[in-house]
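Taken in order, these protein sequences are the chains called E and Y. Under my numbering, the residue at position 75 of the first sequence is numbered 75, and the numbers go up by one with no gaps. Under my numbering, the residue at position 99 of the second sequence is numbered 99, and the numbers go up by one with no gaps.
Number of protein chains: 2
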Amino acid sequence: MQELVDRLKAISDMTRLKIFKLILEQEFSVCELARLLSISQPAVSQHLRRLKAVGLAEEERRGQWIYYKGCQKELVSLTKQLASFFADPIDSIEGFSDIVTLLANRASLDAECTNQKEL
Amino acid sequence: MQELVDRLKAISDMTRLKIFKLILEQEFSVCELARLLSISQPAVSQHLRRLKAVGLAEEERRGQWIYYKGCQKELVSLTKQLASFFADPIDSIEGFSDIVTLLANRASLDAECTNQKEL
DNA sequence: TCGATACATAAGCATATAATTAAATTATAG
DNA sequence: CTATAATTTAATTATATGCTTATGTATCGA
Chain E
1 MQELVDRLKA
11 ISDMTRLKIF
21 KLILEQEFSV
31 CELARLLSIS
41 QPAVSQHLRR
51 LKAVGLAEEE
61 RRGQWIYYKG
71 CQKELVSLTK
81 QLASFFADPI
91 DSIEGFSDIV
101 TLLANRASLD
111 AECTNQKEL
Chain Y
1 MQELVDRLKA
11 ISDMTRLKIF
21 KLILEQEFSV
31 CELARLLSIS
41 QPAVSQHLRR
51 LKAVGLAEEE
61 RRGQWIYYKG
71 CQKELVSLTK
81 QLASFFADPI
91 DSIEGFSDIV
101 TLLANRASLD
111 AECTNQKEL
């Protein structure tokens with residue numbers, strides 16, 4: 001579940017989302033991306049690092065340049081992760097164990113919220 | 001495109017993602033969510049406000065309590081938005097117009113990055 | 001009307017994020 | 001080997017985020 005959040009965070013930034021879309025279409029060097037997005041090269045580098053960290057981008061050095069491309073496969077994987085998260089029952093999702101326990105008897109949960117609710 | 005980013009941001013936080021999943025399954029009062037997540041009531045309130053702001057949550061007051069539920073419909077909409085974003089050609093996505101212009105002749109883009117690349 | 005409960009809003013604080021400039025790497029060309 | 005170019009990493013800064021505590025608002029019951 002943490003991985004899903006990390007990946008969502010990776011694409012929920014306007015600049016990174018644009019970068020990701022661009023490198024999914026074709027390869028780009030860091031310099032080219034900086035020009036396209038009108039931001040500094042280090043900024044692009046750092047965004048690419050984050051995309052790479054969650055598996056959404058790959059780099060390939062060719063001579064002086066490093067070309068980045070988006071991972072279609074991991075995009076599909078992310079999409080599926082997201083779909084599963086919402087489709088699966090809560091008690092089958094890791095990260096909800098504590099919550100599921102509390103949820104098990106909602107009566108006592110309610111009782112903790114008020115002492116009149118169920119009267 | 002900004003809307004997509006806003007919606008992605010709304011669910012790319014561990015706590016909000018949990019809240020969203022919970023209220024998609026069934027209604028919960030703010031107090032109940034606070035108990036389930038072991039965070040303060042105002043914290044829950046603020047997360048719910050963000051989810052509501054992007055249409056992913058709805059509230060319904062019943063007496064003293066306000067019950068929140070997730071919007072299945074808007075979840076589907078978000079999923080589609082995301083799928084379209086990656087499926088559509090770049091020049092059909094609003095927000096890429098400046099980039100598309102630059103991309104139009106990549107030769108000059110490359111030239112800006114180096115004076116030797118194409119030699 | 002008064003007191004208690006549920007929720008929202010405001011204020012404050014610590015941390016995360018996204019950008020920039022500057023310095024360190026890595027690779028090519030001579 | 002040295003100079004130059006592309007990239008990364010580091011340092012800095014401004015802003016956003018998420019949480020808490022404190023305060024305000026609304027509903028219910030006595």
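The beta carbon of each residue, even a glycine, is placed where N, CA and C say it ideally should be. Note that the structure is predicted; figures quoted are calculated from it, not measured.
Cβ-Cβ distance between residue i and residue j below 9 angstroms
i	j	result
G55/Y	S77/Y	yes
Q72/Y	L24/Y	yes
E59/E	I66/E	yes
G95/Y	K18/E	yes
F121/Y	K21/E	Any answer about residue 121/Y is impossible in this case: the structure gives chain Y only from 1 up to 119.
V5/Y	D13/E	yes
M1/Y	I99/Y	no
L8/Y	L48/E	no
T79/E	A43/E	no
Check: residue i C-beta below 8 angstroms from any heavy atom of the ligand ZN
i	result
T15/Y	With respect to the ligand ZN, the structure shown offers nothing to examine, as it has no ligands at all.
Status (buried if at least 16 other CB within 10 Å, exposed otherwise) for residue i
i	result
S84/E	exposed
I11/Y	buried
L36/E	buried
E3/Y	exposed
A104/Y	exposed
S97/Y	exposed
E32/Y	buried
G63/Y	exposed
A111/E	exposed
A57/Y	buried
A34/E	buried
Residues bridged to residue i (per DSSP)
i	result
F20/Y	None; F20/Y has no bridge partner.
F86/E	DSSP, once it has assigned bridges, lists no residue as partnering F86/E.
S29/E	Y67/E
Give the list of continuous beta strand (DSSP E) stretches no shorter than 3 residues that lie fully inside the segment 32-82 of chain E.
57-62 and 65-70
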